[in-house]
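The structure appears below as structure tokens.
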Amino acid sequence: MSVVRLPVVSSTSPPPAARAHPAAIVDGDPRDALVDRFARRVSYLRLSLTDRCNYRCTYCMPDDAAFRPRADLLTFEEIVDVLGVFAELGVRRVRLTGGEPTVRNGVVDLVARVAAVPGIDEVVMTSNGHRLPELAAPLATAGLRAVNVSIDTLDPARFAAVTRRGDLARVVDGIDAAIAAGLEVKLNAVALGDLNGDEITALCAFAWARGIVVRFIEHMPMSGGALFDADREVTAAAIRAAVE
């Protein structure tokens, strides 16, 4: 499956990995208009609602991060209009991301609007979980189907240090609230040797006790690579060895 990523603000040119072909729209199946370079139909779109976040994870965002002016953000009406076009081109699944999507004012209303776009079959979200204790149930009612929650450590002191302002207990409560609301929940943990290299099995046990999946993901070179350190990486082989 190929994915289109839609940024917070509009762009004057199509994403490089997927372009619309007018001939396909006019002469054939509109779903053939949006394909990647391997000729695969694009059915999954990632939409960034904001570049803002209520955390400042050390591997992701500088503590003094500068954000776009709020006036630059796509309005709810613009988001719905854009998604309507993508739905006509074959997009069926939308993932709402950020920044942290739950800090966008009116996010529950937005989820309801996105879920109501004709052709969109599934709306999902990636979140740090901080606001899920109060938002999980309303989001589920609005039409959210699933949420991936980022949780890198189960140690409160480590969690506070890596997020700079996070609250582990709130995130755990948010995970449990999402499960109780009937959302499909997955956990994302960035695997870094000096952060959670000794917690691989603990994170697995935490997820399995709740009947959910944990995925160990690679450290992305955020902030232009300034926060990336290859020496901190935990290999897939090391993760498998820890849980087998």
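At position 143 of the sequence shown (counting the first as 1) the number is 142 in numbering that gives the first Met the number 0, and the numbers step up by one without a gap.
Cβ atoms here follow ideal geometry from the backbone N, Cα and C, with glycine treated the same way.
Task: 7 Å Cβ shell around Ala206 - same chain, five flanking residues per side excluded - done: Excluding the 5 residues flanking it on each side, Ala206 has same chain C-beta neighbours closer than 7 Å at Leu186, Val212, Val213, in chain order.
Task: Spatial distance of Asp154 from Arg209 (CA atoms) - done: If I take the Cα positions, the gap works out to 18 Å.
Open item on the list: Within 10 Å of its beta-carbon, does Val242 have 16 or more other beta-carbons around it, so buried, or fewer, so exposed?
Closed with: By the 10 Å Cβ count, Val242 comes out exposed.
Open item on the list: Checking the sheet assignment: what are the DSSP bridge partners for Glu232?
Closed with: In the DSSP secondary-structure assignment, Glu232 is bridged to Leu191.
- [ ] For Ser149, collect the residues of the same chain with a Cβ closer than 6 Å to its Cβ; drop the 5 residues on either side in sequence, then sort them by chain order.
- [x] Result list for Ser149: Asn127, Asn187, in chain order.
Open item on the list: Suppose contacts are defined by Cβ-Cβ distances below 9 Å. Is Asp120 in contact with Arg91 by that definition?
Closed with: Yes, they are a contact pair.
Open item on the list: In whole angstroms, give me the CA-to-CA distance for Asn53 and Asp28.
Closed with: Straight across, the Cα-Cα distance linking Asn53 with Asp28 is about 42 Å.
Task: Boundaries (first-last residue) of the beta strand (DSSP E) holding Ile216 - done: Annotation for Ile216: the continuous beta strand (DSSP E) segment containing it runs 212 to 216.
Task: Residue nearest to Met124 in terms of C-alpha spacing, selected from Ala177, Ala86, Ala115, Val34 - done: If we check each option's Cα against that of Met124, Ala177 comes out closest.
Task: Runs of beta strand (DSSP E) wholly within the segment 102 to 135 (minimum 3 residues, chain order) - done: DSSP runs (the beta strand (DSSP E)) wholly in the segment 102 to 135: 121 to 126.
- [ ] Answer yes or no: do Val102 and Val110 have a C-beta to C-beta separation smaller than 9 Å?
- [x] No, Cβ-Cβ distance for Val102 and Val110 is not below 9 Å.
Open item on the list: With H, G and I counted as helix, E and B as strand and the rest as coil, what does DSSP make of Val170?
Closed with: Secondary structure of Val170 (DSSP, three-state): helix.
Task: Cβ neighbours of Val161 in the same chain (closer than 7 Å, five flanking residues each side left out) - done: Contacts found: Cys56, Thr57, Asp151, Thr152, Leu194.
TODO: Counting only the same chain and skipping the five closest in sequence on each side, list residues whose C-beta sits under 7 Å from that of Ala22.
DONE: Here the model assigns Ala22 a pLDDT of 42, short of 50, so the residue's position is not dependable, and the following value carries that caveat. Contacts found: none.
- [ ] Report the partner residues of Glu183 according to the DSSP bridge assignment.
- [x] Looking at the DSSP assignment, Glu183 forms a beta bridge with Ala145.
Open item on the list: I'd like to know whether the C-beta atoms of Asp166 and Ala159 end up nearer to each other than 9 Å.
Closed with: With respect to Ala159, Asp166 sits close: the two C-beta atoms are nearer than 9 Å.
Task: Close beta carbons around Val79, own chain, < 8 Å, minus the five adjacent residues each side - done: Here the set comprises Arg112, Val113, Val116.
Task: Start-to-end residues for the beta strand (DSSP E) that takes in Asp35 - done: 33 to 35 is the span of the beta strand (DSSP E), which, as asked, contains Asp35.
Open item on the list: Give me the DSSP bridge partner(s) of Val264.
Closed with: Not covered by the structure: residue 264. The range shown for the chain is 0 to 243.
Open item on the list: Within 10 Å of its beta-carbon, does Ile216 have 16 or more other beta-carbons around it, so buried, or fewer, so exposed?
Closed with: Counting every other CB atom within 10 Å of its CB across the protein chains shown gives Ile216 a total below 16, marking it as exposed.
Open item on the list: Can you tell me whether Thr49 is helix, strand or coil according to DSSP?
Closed with: The three-state reading of DSSP puts Thr49 in coil, since its state is none of H, G, I, E or B.
TODO: Answer yes or no: do Ala204 and Gly173 have a C-beta to C-beta separation smaller than 9 Å?
DONE: Against a cut-off of 9 Å, the Cβ pair of Gly173 and Ala204 comes out as no contact.
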